[in-house]
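As C-alpha cells, the structure follows; a few thoughts come after it.
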Amino acid sequence: MMRKRKGYPVYPLTAAQKFHFFYQNYCPKKEVVNIGTSLTIQVELDWDVLKKSIYKAYERCESMRLRFALDKEGTCYQYVVDKEERDIEYVDFSGKTMEEAEEIMRGWTQVPFKLEDSPMNRIVMIHTPDGFNGIYLLVDHKTMDAQSLICFMKDIIELYCNEMYEGVPYPKDMSSYIEQLKKDLAYEAGSKAQEKDTKFFEKIIESSEPIYNGLRGPKRLLDARKETKNPNLRAAVDVSDSVDSALDIFHLEEEPTKRLMEFCEKYHVSLVCLLMMGLRTYFQKMNGNDDVSINSTIARRATLKEKKCGGTRIHSFPFRTIISEDRTFLDGVYEIREKQNEMFRHANYDPVAYFAHRGKVYPQENGRTYEPMSLTYQPLTLKEKGLDKLGDIRYKTKWYPNGATTQGMYLTVMHRPDDNGLDFSFEHQKKAVSREELEYLYYYLCRIMFKGVENPDLTVGDIIKLV
C-alpha cells in the first residue's frame, strides 16, 4: 500500500467513491462519472475578483483539490494537494447563439479526466450570448456530488459578493473533507455501527425476493421467463447493450408544485415520499403487482460538517414497498416515510456489499435486476441558500449531460431557480427507454400524485382506476 504520494498522505477510497469507480471501470465511456453545470447571473462581473474568489473557494474546499493514484495492484488511492495553481480560463460566447454555447459546454462535459495525479475538475468563467455572466463547472463524481457542487458554487458567489458589495458577510468556513473521510474509513474498518447496518440490510434482503416491474408493463419479465424456461423468475434485464444516453426534462409549473409542497407540509412528509408513492403506484398500475422496488438515493449529509465537507457521499439502495390496493394513498405515503427514516439510520452501509449479498441470496445471470429506475430528489436550491441577499438578480443554473449512463433510467427531481417549480430530469439509455415512454410515465406520475394529494383517503386501487 502507498503511504505517501508527492509528499501527501494517501487514503483508500470510501464506499461511495468505489461505487463510481466500479461502474466507470465497466463502462466503455469513461466520462460516465462527469457532472457538468453552469451558474450565470444577469450582472456585469469583475472577472479579476471572480478569479480571486474561485482560487479562494479552492483553498477552502479540500475535495476540490483531490487527486487519485493507483498502486502496482491497480488499487486506487486519494490525496489532497495544498493548493490549486491552474489558470482559470475565460470564454466569451458573444457572437454565438445560446444553442451553440450550450453545445460547446455539453462537449466539455463529455471529456473524461485523466485518473492519475491530475485535477478532477475544471472551472471556466463564461459570458453567455443572453448577456448573463458566471461559471461553468465540471467535476468527477468520485470527488463531488450534486450537493457538494452546489455548496462550492455558493461559496464562490458569497466570496465574490463579500468582496464587491457592502454588508455581505464573509461566508462561514467549509468543513474538512479529510476529517470526514477518516470517520468514513473508521466505520468501514469493521465498526459496531457497520455491524448493525449490515444486519439491518441483510435481514431485509433475506426476508423475500423482490419482483421486477416494467415501465410499460410486465413484457420484459415475461420475456425473461420464457428465455430461462422459469415461470417463477422475478428479475429481468433492464438495460440495453449501449450506454449512450439522452437527457429529457419535463417542467412542472410553479402553482401545481406549490400544491404538492403544501401537502408535504400539512402531513409532515418530504417531497421524496410523495414522489416515491407516485412512482410505485404507477408501476403497480402498469404491472398489477403490489410489490414494487425502485432505487433510492440517500445524500448522507445529516450534520453540518457532512453538509459542508464536499466530496461524494451518495449511497443508493433498492427501496421496496408492498402496498395493497385497499390501503389509502396517505397510508402509503406514511409507510414510505417510516421505511425511509429507518433506511437513513443505516445508510452508511456499502451499496456494493448490498448488491453482492443480494446476488448470493438470489443468484441472477446476465445482469438481471428488480429495479426499473433510480430516483434522486435534490432539495437544495441556491435561492434559499442565502442568495436572496442579492435582491432580484436573475440567475440560471443548467446541468449538462455527459452522454453516458449505466442505468436504464435515472430520474432527478430539482427545483428551478427562477420560479421554484419542479424539473423532472430523466437521464436514460436511448436504446432502453424512449422519450415517448417517459412522457407516458411523467403524465401518469403527475395524475397519480395530484389525485392522491387532493384525496389522501382514496384507496390506491381507486386512484389506479381513476387516473
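Heads up, the sequence shown is in this note's numbering, so the first residue is 16 and it goes up one at a time. From the three backbone atoms N, C-alpha and C, an ideal C-beta is built for every residue, glycine too.
Option in the options with minimal Cα separation from residue i
i	options	result
G229	H430, T384 and K480	T384
E104	L164, Y92, K111 and L65	L65
Y26	M168, Y192 and N177	Y192
D61	F147, L236, G436 and V48	F147
D306	I337, M140 and P271	I337
R409	M429, T124, R20 and E59	E59
E178	D63, R240, L275 and F108	D63
E357	F216, L54 and L85	F216
Y94	K87, E194, R352 and G51	E194
R316	Q209, P225, E210 and N363	N363
R80	D256, K98 and N381	K98
T158	K207, L174, C91 and S223	C91
R352	L437, K244 and C279	C279
H361	K211, E452 and G418	K211
T310	K33, T318 and L294	As written in the sequence, residue 310 is Asn, which differs from the Thr given in the question. The residue with the shortest Cα to Cα distance from N310 is L294.
P432	R20, C176 and I165	I165
S68	P24, D477, L174 and D238	L174
C-alpha gap between residue i and residue j, whole angstroms
i	j	result
P127	R82	14 Å
P144	P416	20 Å
R18	K198	18 Å
Y425	C461	17 Å
D472	V348	11 Å
F439	I264	5 Å
M120	D102	18 Å
D132	V139	21 Å
S163	M189	10 Å
P333	P184	42 Å
L290	M464	7 Å
V284	V96	42 Å
D365	H330	7 Å
V428	M292	14 Å
E46	L262	15 Å
Q299	T421	25 Å
V367	P394	25 Å
E221	R373	8 Å
E469	C324	40 Å
P378	L286	34 Å
P43	E181	50 Å
K400	P186	Here K400 scores only 48 on pLDDT, less than 50, and its place in the model is too uncertain to base an answer on.
M301	S339	14 Å
Q125	T213	37 Å
R75	G51	21 Å
K320	K218	31 Å
S389	R231	16 Å
P271	A447	30 Å
W414	D253	25 Å
S223	G303	19 Å
G423	K281	35 Å
E452	V258	18 Å
Beta-ladder partner(s) of residue i, from DSSP
i	result
Q393	M429
S308	R335
I313	H330
I138	L152
Q444	S260
M424	H443
R373	Note: R373 sits in no beta bridge, so no partner.
R383	According to DSSP, R383 bridges with nothing at all.
K20	One detail in the question is off: residue 20 reads as Arg in this sequence, not Lys. DSSP, once it has assigned bridges, lists Y23 as partnering R20.
D438	H266 and M429
A368	In the DSSP output, where bridge partners are listed per residue, A368 has none listed.
C-beta atoms of residue i and residue j nearer than 8 Å
i	j	result
K445	S260	yes
A72	F167	yes
Y227	Y459	no
D160	N136	no
L54	T412	yes
I150	I171	yes
T29	L236	no
L153	N49	yes
R328	A116	no
E203	S308	no
E269	D434	yes
F344	V482	no
G436	L267	yes
P225	R240	no
C288	Q209	no
**OP:** Please go through the region 260-296 and give each complete alpha helix (DSSP H) segment of 4 or more residues, from N-terminal end onward.
**Re:** 269-282
**OP:** Only counting runs of 3 or more residues, tell me where the beta strand (DSSP E) segments fall wholly within the region 328-358, in order along the chain.
**Re:** 330-337
Subject >> Those runs of the beta strand (DSSP E) which lie wholly inside the region 44-132 and span at least 3 residues >> reply: 49-56, 81-85, 91-95 and 104-107
**OP:** Run through the region 231-265 for me and flag every whole alpha helix (DSSP H) of 4 or more residues, listed as ranges in chain order.
**Re:** 234-243
Subject >> Those runs of the alpha helix (DSSP H) which lie wholly inside the region 199-227 and span at least 4 residues >> reply: 207-222
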